[in-house]
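The structure appears below as structure tokens.
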Amino acid sequence: MMAATTLGVVAFATLVMPLPAVAQQLRGTDAASAALSTDRAGSADAVDGTDAAVPVHPDAIGNDDASQDTDDADSVMASPADNAFAARQKALDARSAQNNYDFAVERHDCYSTFFVNHCVNKARDAMRAVQADIRREQLTLDDEKRAEHARQRDEQQALQAARDEAQAPQRAAQDTRNEQAYEDKQRQHALDEAQRQAEAPQRAANEEAYQQKQRQHAIDQAQRGVSPAQAAANQQAYDQKQADFQRQLDQAHQQAAQKAQERVEKQQRYQQKQIDAEQHKKDIEARQKQAAEKAQQKQQQDLQQQQQLEQQQKQQQQQK
1 MMAATTLGVV AFATLVMPLP AVAQQLRGTD AASAALSTDR AGSADAVDGT DAAVPVHPDA
61 IGNDDASQDT DDADSVMASP ADNAFAARQK ALDARSAQNN YDFAVERHDC YSTFFVNHCV
121 NKARDAMRAV QADIRREQLT LDDEKRAEHA RQRDEQQALQ AARDEAQAPQ RAAQDTRNEQ
181 AYEDKQRQHA LDEAQRQAEA PQRAANEEAY QQKQRQHAID QAQRGVSPAQ AAANQQAYDQ
241 KQADFQRQLD QAHQQAAQKA QERVEKQQRY QQKQIDAEQH KKDIEARQKQ AAEKAQQKQQ
301 QDLQQQQQLE QQQKQQQQQK
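Last residue of the sequence shown? That's 320 in the UniProt record's numbering, and every number before it is there in order.
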């Protein structure tokens with residue numbers, strides 16, 4: 001419809017206007033037609049921009065020095081495969097920018113021709129053909145990236161599993177040593193307690209003998225005619241000695257009770273560490289299982305997306 005209207009306008013203008021005016025009218029009409037065609041093309045031709053704007057070469061857009069430095073810094077830490085993928089991606093981006101630039105140049109030149117719409121459509125078809133080829137290469141690159149990243153992830157998981165397996169005997173040996181040391185301490189504590197219980201009657205007998213000796217000493221002093229003042233002083237010294245002995249005995253009992261409490265607390269901490277270690281092991285196994293399930297789901301999703309893309313490409317090829 002637009003083409004017929006354009007031809008009608010041209011035919012009428014040829015009859016009533018000079019040739020330069022006809023050419024100028026044709027350019028204006030075809031430019032409007034090209035703008036309408038561009039609006040109908042939608043997002044696929046977002047590169048069109050302003051109809052009569054002078055195209056800018058992609059090398060003149062932006063400043064690549066900072067990005068080049070960043071890419072160089074990243075490439076030092078990246079793997080060779082990632083560097084290769086980055087180089088291919090950069091080449092595809094450059095081709096895409098060059099394709100858009102070439103189309104903009106050709107479209108700009110079309111406005112100086114007689115059949116503007118035909119020239120623009122031809123340039124757009126060429127641009128879309130190159131764009132489709134770039135798209136196919138981009139899909140291939142994305143598939144290779146996903147496969148390489150999956151391989152790297154599987155390799156890291158295998159290495160971690162191998163390290164865990166290699167360290168398992170060492171951890172088991174350490175756990176065995178800790179358990180053996182705890183059991184040795186418990187046995188020694190039981191032996192010490194049994195020895196104290198066995199020595200209790202002897203300590204009681206010694207205490208009774210000491211008391212008897214003290215009483216006999218008091219009787220002997222009375223028989224020797226010790227004065228009351230001297231007897232009081234002797235009694236005070238005896239009481240002080242008994243108080244010191246009782247204080248030392250109480251301190252020994254207190255220290256023994258404190259050590260017993262510390263042994264109980266150490267036993268509780270060891271048992272808690274064993275429980276925490278077992279729970280940590282279960283948590284790690286659960287996370288590994290969950291990660292494996294997620295990786296499998298992601299692989300299935302990627303496969304489904306790839307199949308859908310292939311089906312869409314086949315449908316597009318069939319429609320063409």
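Each residue gets a CB set at the ideal place from its N, CA and C atoms; glycine is no exception.
Quick check on the burial criterion: 16 or more other C-beta atoms within 10 angstroms. Buried or exposed for residue i?
| i | result |
| --- | --- |
| Asn99 | buried |
| Gln195 | exposed |
| Phe103 | buried |
| Gln180 | exposed |
| Gln240 | exposed |
| Gln268 | exposed |
| Gln212 | exposed |
| Gln261 | exposed |
| Gln319 | exposed |
| Gln131 | buried |
| Leu15 | Any answer about Leu15 is weak, because its pLDDT of 32 lies below 50 and its placement is not dependable; what the coordinates show is given next. Leu15 is exposed by the Cβ-count criterion. |
Would you mind stating whether residue i and residue j have Cβ atoms separated by less than 8 Å?
| i | j | result |
| --- | --- | --- |
| Phe85 | Leu139 | no |
| Gln306 | Asp143 | yes |
| Arg263 | His217 | no |
| Ala123 | Arg107 | yes |
| Ala295 | Arg163 | no |
| Asn234 | Gln255 | no |
| Leu92 | Glu137 | yes |
| Tyr182 | Gln214 | no |
| Ala161 | Gln299 | no |
| Asp302 | Arg146 | yes |
DSSP three-state label for residue i, please.
| i | result |
| --- | --- |
| Ser96 | helix |
| Ala78 | coil |
| Thr140 | helix |
| Tyr111 | coil |
| Arg88 | helix |
| Ala52 | Summary for Ala52: the model assigns pLDDT 43, below 50, so the residue's position carries little reliability, and this model does not support an answer. |
| Ser33 | Because Ser33 carries a pLDDT of 39, less than 50, the predicted location of this residue cannot be relied on, and the following value inherits that uncertainty. Ser33 falls in the helix class under three-state DSSP. |
| Thr38 | Because Thr38 carries a pLDDT of 39, less than 50, the predicted location of this residue cannot be relied on, and no value is offered for it. |
- [ ] Entirely within the segment 166-225 and at least 4 residues each: give me those alpha helix (DSSP H) ranges in chain order.
- [x] Counting only runs of 4 or more, we get nothing.
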